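Working notes, beginning with the structure itself.
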Amino acid sequence: MIFTVIGIFDFLTGGDEGDSLEKQLRKLEDILEEEFNTLVTIAGYYADMGESQEALDYLERAYRVASEMNDEELMAFALDSMGDVYLSNRKVKTAMEYFREALRIYTSVNSPLKMDLREKIKEVEKIQEAMDIASISRLQEEVEEGVEVDVKAIEPFLDRLVGEVDSAGLYSSHPDKDAASRIREAYQIARDIGDTPTEASSSCSLQHIQ
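Residue numbers (the numbering used here): 1 to 210.
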């Protein structure tokens, strides 16, 4: 510690002519670059172990170091890496937000890394599209299951209508507009839910009363 203090004192007093301001600033930049690399490396270890939050914490620290250095390319690299962590956790939308911001910065500084990131974004978009299709399929399955539940719920009502269809012969001797309406209703419901026997019976009854 005392040697560090002496070194700082010598610098402030110009004790070492070989240590210019530019050289010291370069040393500081080297230290920050080393810190950035170390933080990213540690984040990589945590990511490999499945410790996503720890990985993100170190990448955020790396981003702050890059920001302190005013190095936009390193800032973009940190964001790109955060996107990778989110992608590994299947948080595709969040990952895409980080990727797109990283690409924006890469493009602004004309970094060669922008080409690789563009390709990665294309691949992730395909993943997102596949996930959207899968979600739609699951939704359709849920809707179909819901329809089955609804059919069970209306079975008592349908049974009553079927009973009215079975007794439709009474209509010929005792005309009733409401009975005809209920028979048509039974026919439409049976048709909608795929109840072929009831549909056929209703159809015959309708032909009989028309």
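No residue lacks a Cβ here, since even glycine has one placed at the ideal position from N, Cα and C. Bear in mind that the values here come from a model prediction, so they are computed numbers and not experimental data.
- With contacts defined as CB atoms closer than 7 Å, Ala78 and Tyr63 qualify as a contacting pair.
- Distance check between Phe36 and each of Glu51, Tyr106, Asp57 places Asp57 closest, using alpha-carbon atoms only.
- Taking 7 Å as the cut-off, the Cβ atoms of Ala95 and Asp80 do not count as close.
- Taking one beta carbon from each stretch, the region 40–57 and the region 21–31 have fewer than 3 pairs nearer than 8 Å; the two do not touch.
- In this structure, the straight-line span from the alpha carbon of Glu123 to that of Ala76 is close to 19 Å.
- Within the region 44–119, there are no complete beta strand (DSSP E) runs of at least 3 residues.
- Closest by C-alpha distance to Pro112, out of Thr38, Leu74, Glu51, Ala66, is Leu74.
- If you draw a straight line from the Cα of Lys126 to the Cα of Arg61, it is about 31 Å long.
- A distance below 7 Å separates the beta carbons of Ala55 and Val85.
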